[in-house]
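Below is one structure, written out as structure tokens, with a few remarks after it.
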Amino acid sequence: MTSAGITAFGAYIPRLRLNRASIAAAHKWAMPGLRGMAKGERSMCNWDEDAITMAVEAARDCLTGRERSDIGGVYFASTTLPFLDRQNAGVISAALNLEHGISSLDIAGSQRAGTSALIAALRGADTGDTLLAAADARKARPASSGEMQFGHGAAALTIGTGNIIARLVGSYTVTTDFVDHFRGEGQEFDYGWEERWIREEGYSKIVPQAVKAVLDKSGIAGSKISRFVMPCTMKGIPEKIAKDFGIPAEAVADTMGEVCGDTGAAHALLMLVAALEKAKPGDLILVASFGQGADAILLEVTDAITKLPKREGVSGALARGRREEDYMKFLSFQDNVKLDWGMRGEVDNKTALSSEYRNKDMVTGFTGGKCTVCGTVQFPRTHYCVNPNCQALDSQEPYSFADSPARVMSFTADWLSYNPSPPFFYGQVQFETGGRVLMGFTDTDAGQIEVGSSLKMMFRIKDFDHDRGYRRYFWKAAPVSTGKEA
Amino acid sequence: MARGIRDKVAIIGMGCSKFGERWDANAEDLIVEAFNEALTDAGIEKNQIEAAWFGTAFDRVHVGASALPLSTALRLSSIPVTRVENMCATGTEALRGATYAVASGACDIALALGVEKLKDTGYGGLPAGSRGPLPDLWVPNGSAPGNFAQLATAYSAKHGVSAKDLKEAIGHVSWKSHQNGAKNAKAHLQKPVPMETILGAQMIAEPLGLFDCCGVSDGSACAIVTTPEIAKALGKHDIVSIKALQLCLSDGVESTFNTWDGSHFATTRVAAKKAYEEAGIKDPRKELSMIEVHDCFSITELVTMEDLYISAEGQAVKDVMDGFYDADGPVPCQIDGGLKCFGHPIGASGLRMVYEVYLQLLGRAGPRQLKNPTFGLTHNLGGAPHSNVSAISVIGRYN
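Chains as they are written, first to last, in my numbering: chain A, -10 to 475; chain B, 4 to 402.
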């Protein structure tokens, strides 16, 4: 019996949920048929979110109530890696303030990048827990079915050998170069083949090979499966496959199409997290994912799941949603339309890489200082303590602000500064542990905040350097309330 | 304790260009316009100037680095010319340099000149750009109105003033400056504006609307200073002297420690106390004849009334609404229109304020002349409420 398994889980879905009816309404003049897909909402990144920022948030959720010092590796699975050559997992590791002596790896190239990374992590589980984050923020051509079906989101798991909440029973992978869709070098959008062919020759023939193999190998009957997790945007496929293997109909997991959309390489793991949130000890969870073959992973939930500290998970992420009706905002955030932002939008956002490296703990890790003489917490960490009654020299030890609760001290909604989602909310943020920082706010609506409102920190894109294809990240303050009540 | 600068230096000549969108003028034109007025006023020859201080802030959209633009524009031969920059306090810093040089005896006559040519950016408001390799990584890309607007939320929360009442009070601040600017032929904005227009204007950074923001202008202002003894020797009878020059900068406490509440300027409070002591002023509310403060935004002026200890803490809204700072009130504020209407060419603003006090003290302020002013205060505030440079000068008659 293998001794590896999942030790914790976390999820993140961007707060904005685009009403699919607004997509259909925008394209009605040309593609009236899209109306048939216009049910529910799809998640969409705010302008300052990407696969890295979503992965960081899912990972933070996954690491709730847990020491980070024994994380031995970071895997990051995505088909929308913000950087083609610069390790994306390294950004996540820095944002999470993980140790330097760990392995890190980006895994890409297929919709099953998430599950394949999970199999690799489970097989390699021996030196400390591996953190696996999967995130995708796929772009879709306007009026394509992908624009309707896709969502943006992330899931994270830790994989190890101790305190396992879901033990690996078995896994099996089929690899075959079945090109249902592809996105070639330099291309923004997917190009896909006929849906009927994908359904009949792809999903219906390839996924069952992997499912059969893992069930046979494990000696488990389909009827014992408590939850069958299989992402698929085509109706009825997971149900059909389940039926063929004797998996109970009620075990088939919801694909979250109506509330979130398909989150690409993250989706199988996001659905797995949703399953784990509701799982009981002894449950058998079968995960199947499709993409140039198929992965099948069979997991058995253990007693330890009942002791896992409370976290946001998929249910928390879904509850944080705010419906977005503005299709033009979505287009602009996706860079699918170029608005005239005026000359203030022309500022050169070139990043001094040497400065960014020198200050990466401060900026990426949101690390300030705590004075060992007077105890004052401060950001940034400087040579002289800021407390006017102390001013000790070189007295500060690193202090992370990322998980400190905070409140609005003062703020404004700025219509003058360039911001891709005006107005730009920013202000003085007072941390409850002490320390204050002038910060940009994100995920904030008019009327949602006032002096004293609770804030939490989120890892976001600070600026894009479109001329050079770079982006820089920092932390922003987000209201703890969802804004639904505003 | 040091004796301070009071009455050690006299202003013998001042000049100020027309402020505004000077599509017709380069920085050199503005410099010469202000300087020639001052030189004529002083009644000296250019070659009697022994040292000069040149203040200008936004070099990247303007004249470039160094003091060469001044020395070249005025053909200042073989004298030291120093460039100074301290955000919106730049003009006052130039005056401080020239004043201290004269007071030290290093030279007899010195020039302070500030200039800013802002209207070549192609857009309204101050120029946007990089803040440097480290701040770019984490400081929000906010604007000046956005930073100062935060005073309003913090002030409302602290003093329990409703957003509506505060908006009306800051509206009155701007209304009053527009009334005053209408009597100033050199002002950028010379039209009175009704309150409804001010309150209903387009939002720039909540709660600041368009009329809560000062003009972004081109302009230049300058002063020629010497000792009172030399001024007399030059035949000057009615002598204006510098009573105080104070400067206070944030040390990071407001932005980084936990004590500042966001509703006021800690630096201005320090500089004001020191300036009153240096000038020998005991009760500013009674003794000051006029004030020219840094009304970059209406909310800045309102809270500054408290930071200068003229209005009691929490009482500025009442004083403003009572007309205490109006042209016919006990302490007229921005009698020349202020930054709001005279305009705000950054490097020139501090000297422009002194120019107005100088005119008023000498009875040369024309349609806006106040009755028998004795002390005038000028105040500059550069940066943002949480991190700034605050400069205060007191100018008066030399006895």
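All residues carry an ideal CB built from backbone N, CA and C; glycine is no exception.
task: Spatial neighbours of residue 155/A within its chain, please: CB distance less than 8 Å, with the 5 preceding and 5 following residues excluded, ordered by chain position.
output: Looking up residue 155/A in the first sequence gives position 166. Same-chain partners within the cutoff: -6, -5, 265, 268, 274, 288, 289, 290, 291 and 294.
message: Suppose the cutoff is 6 Å on Cβ atoms and the five residues either side in sequence are ignored; what does the same chain contact list for residue 370/B look like?
response: Sequence index remark: in the second sequence, residue 370/B carries index 367 (1-based). Contacts found: 186.
message: By the three-class DSSP mapping on this structure, what secondary structure does residue 313/A have?
response: In the first sequence, counting from the first residue as 1, residue 313/A sits at position 324. Three-state DSSP puts residue 313/A in a strand.
- request: Label residue 466/A either buried or exposed according to how many other C-beta atoms from any shown protein chain fall within 10 Å of its C-beta, with 16 as the threshold for buried.
  value: Taking the first sequence and counting its residues from 1, one reaches residue 466/A at position 477. Burial call: buried.
query: For the alpha helix (DSSP H) that residue 363/B lies in, which residues bound it at each end?
result: The sequence position of residue 363/B within the second sequence is 360, counting from 1. Here the alpha helix (DSSP H) through residue 363/B covers 349 to 364.
field: Through-space distance from residue 287/B to residue 229/B, alpha-carbon basis
entry: For the purposes of this step, residue 229/B is taken as the residue at position 226 of the second sequence. For the purposes of this step, residue 287/B is taken as the residue at position 284 of the second sequence. CA-to-CA, the gap between residue 229/B and residue 287/B works out to about 27 Å.
field: Nearest-angstrom Cα separation, counted from residue 290/B out to residue 284/B
entry: Sequence index remark: in the second sequence, residue 284/B carries index 281 (1-based). Sequence index remark: in the second sequence, residue 290/B carries index 287 (1-based). Residue 284/B and residue 290/B have their C-alpha atoms roughly 7 Å apart.
message: Buried or exposed for residue 21/B, going by 16 or more other Cβ atoms inside 10 Å?
response: On the second sequence, position 18 is the one that residue 21/B refers to. Residue 21/B comes out buried.
task: Since I believe residue 56/B is in contact with residue 97/B (beta carbons under 8 Å), could you give me their beta-carbon distance rounded to a whole number of angstroms?
output: Here residue 97/B refers to the residue found at position 94 of the second sequence. Here residue 56/B refers to the residue found at position 53 of the second sequence. Confirmed, about 4 Å.
- prompt: Under three-state DSSP, which class holds residue 124/B?
  reply: As a position in the second sequence, residue 124/B is number 121, starting the count at 1. Residue state, collapsed to three classes: coil.
query: Quick check: the region 47 to 67 of chain B against the region 250 to 269 of chain B, are there 3 or more CB pairs under 8 Å?
result: With contact defined as three or more Cβ pairs closer than 8 Å, the region 47 to 67 of chain B and the region 250 to 269 of chain B are not in contact.
- prompt: Under a Cβ-count criterion, where at least 16 other Cβ atoms within 10 Å of its own Cβ denotes burial, should residue 309/B be classed as buried or exposed?
  reply: Taking the second sequence and counting its residues from 1, one reaches residue 309/B at position 306. Burial call: buried.
- prompt: Should residue 328/A be labelled buried (16 or more other beta-carbon atoms within 10 Å of its own) or exposed?
  reply: Residue numbering aside, residue 328/A sits at position 339 when the first sequence is read from its first letter. So residue 328/A ends up on the exposed side.
field: CB-CB length for residue 292/B against residue 365/B, believed under 8 Å
entry: Position 289 of the second sequence, counting from 1, holds the residue named residue 292/B. Position 362 of the second sequence, counting from 1, holds the residue named residue 365/B. The pair is not a contact, with the Cβ atoms about 13 Å apart (cut-off 8 Å).
message: Does the contact criterion of 3 or more C-beta pairs under 8 Å hold for the region 191 to 208 of chain B versus the region 164 to 178 of chain B?
response: yes
Residues of its chain near residue 133/B, where Cβ-Cβ distance is below 7 Å and the 5 sequence neighbours each way are ignored: Within the second sequence, numbered from 1, the residue matching residue 133/B stands at position 130. Within its own chain, the residues whose Cβ lies closer than 7 Å to the Cβ of residue 133/B, once the five positions on either side in sequence are excluded, are 139, listed in chain order.
message: Checking 8 Å against the spacing of the C-beta atoms, do residue 241/A and residue 220/A come in under that value?
response: Here residue 241/A refers to the residue found at position 252 of the first sequence. Here residue 220/A refers to the residue found at position 231 of the first sequence. Cβ distance not < 8 Å, so residue 241/A and residue 220/A don't count as in contact.
message: Under 9 Å, CB to CB, which of the residues in the region 373 to 401 of chain B have a partner in chain A?
response: For the region 373 to 401 of chain B, which is checked against every Cβ of chain A, the residues closer than 9 Å are 387, 388, 389 and 390.
query: Between residue 6/A and residue 32/A, which are expected to be in contact by the criterion C-beta below 8 Å, what is the C-beta distance as a whole number of angstroms?
result: Counted from its first residue, the first sequence places residue 6/A at position 17. Counted from its first residue, the first sequence places residue 32/A at position 43. Contact between residue 6/A and residue 32/A holds: their C-beta atoms lie close to 6 Å from each other, under 8 Å.
- prompt: Is DSSP giving residue 308/B helix, strand or coil here?
  reply: By one-based count along the second sequence, residue 308/B stands at place 305. DSSP places residue 308/B in helix when its eight states are reduced to three.
message: Count Cβ pairs between the region 295 to 310 of chain A and the region 329 to 336 of chain A that sit closer than 8 Å; are there 3 or more?
response: no
- request: Output the boundary residues of the alpha helix (DSSP H) element that contains residue 153/B.
  value: For the purposes of this step, residue 153/B is identified with residue 150 of the second sequence, where counting begins at 1. Unbroken alpha helix (DSSP H) run through residue 153/B: 147 to 162.
Three-state secondary structure assigned by DSSP to residue 1/A: Position 12 of the first sequence, counted from the start, is the residue given in the question as residue 1/A. Strand at residue 1/A.
Range of the contiguous beta strand (DSSP E) that encloses residue 46/A: Translated into the one-based positions of the first sequence, residue 46/A becomes position 57. Run containing residue 46/A: none in the beta strand (DSSP E); it sits in the alpha helix (DSSP H), 40 to 51.
field: Under 8 Å by beta carbon: chain B residues contacting residue 421/A
entry: The residue given as residue 421/A occupies position 432 in the first sequence. Under the 8 Å cutoff, chain B gives no residues; its nearest Cβ is about 10 Å from residue 421/A.
query: Between the region 231 to 260 of chain B and chain A, which residues of the former have CB atoms less than 8 Å from a CB of the latter, in chain order?
result: Those residues of the region 231 to 260 of chain B that come within reach of chain A (Cβ to Cβ, closer than 8 Å) are 254, 255, 256, 258, 259 and 260.
- prompt: Going along the chain, which unbroken runs of the beta strand (DSSP E) with 3 or more residues stay wholly within the region 82 to 167 of chain A?
  reply: 92 to 96, 118 to 125, 142 to 149 and 155 to 164
- request: Give me the Cα-Cα distance between residue 119/B and residue 174/A, rounded to the nearest whole angstrom.
  value: Here residue 119/B refers to the residue found at position 116 when the second sequence is read from its first residue. Here residue 174/A refers to the residue found at position 185 when the first sequence is read from its first residue. Near 49 Å, if we compare the C-alpha coordinates of residue 174/A and residue 119/B.
- prompt: Whose Cβ in chain A lies nearer than 9 Å to the Cβ of residue 195/B?
  reply: Residue numbering aside, residue 195/B sits at position 192 when the second sequence is read from its first letter. Within 9 Å Cβ-Cβ: nothing; residue 195/B doesn't reach chain A, min ~25 Å.
message: By DSSP's criteria, residue 227/B is part of a beta bridge. Which residues make up the other side?
response: Within the second sequence, numbered from 1, the residue matching residue 227/B stands at position 224. Paired residues: 16/B and 114/B.
query: Does the region 129 to 149 of chain A come within contact of the region 21 to 29 of chain A, defined as at least 3 CB pairs closer than 8 Å?
result: yes
- prompt: What are the residues that DSSP puts in a beta bridge with residue 93/B?
  reply: By one-based count along the second sequence, residue 93/B stands at place 90. Residue 93/B is not bridged to any residue.
query: Can you tell which of 18/A, 340/A and 304/A has the C-alpha that lies nearest to the C-alpha of residue 245/A?
result: Along the first sequence, one-based indexing puts residue 245/A at 256. Closest option to residue 245/A, Cα to Cα, is 304/A.
message: Please state whether the Cβ-Cβ distance between residue 206/B and residue 404/A is less than 8 Å.
response: Locating residue 206/B in the second sequence gives position 203, counting from the first residue. Locating residue 404/A in the first sequence gives position 415, counting from the first residue. Contact flag set, yes.
- request: For the region 219 to 228 of chain B and the region 339 to 349 of chain B, state whether three or more C-beta atom pairs, one from each stretch, are separated by less than 8 Å.
  value: Under the three-pair Cβ rule at 8 Å, the region 219 to 228 of chain B counts as touching the region 339 to 349 of chain B.
task: Could you tell me whether the Cβ of residue 207/B comes closer than 8 Å to any Cβ of chain A?
output: To locate residue 207/B, count along the second sequence from 1; it is residue 204. So, interface residue.
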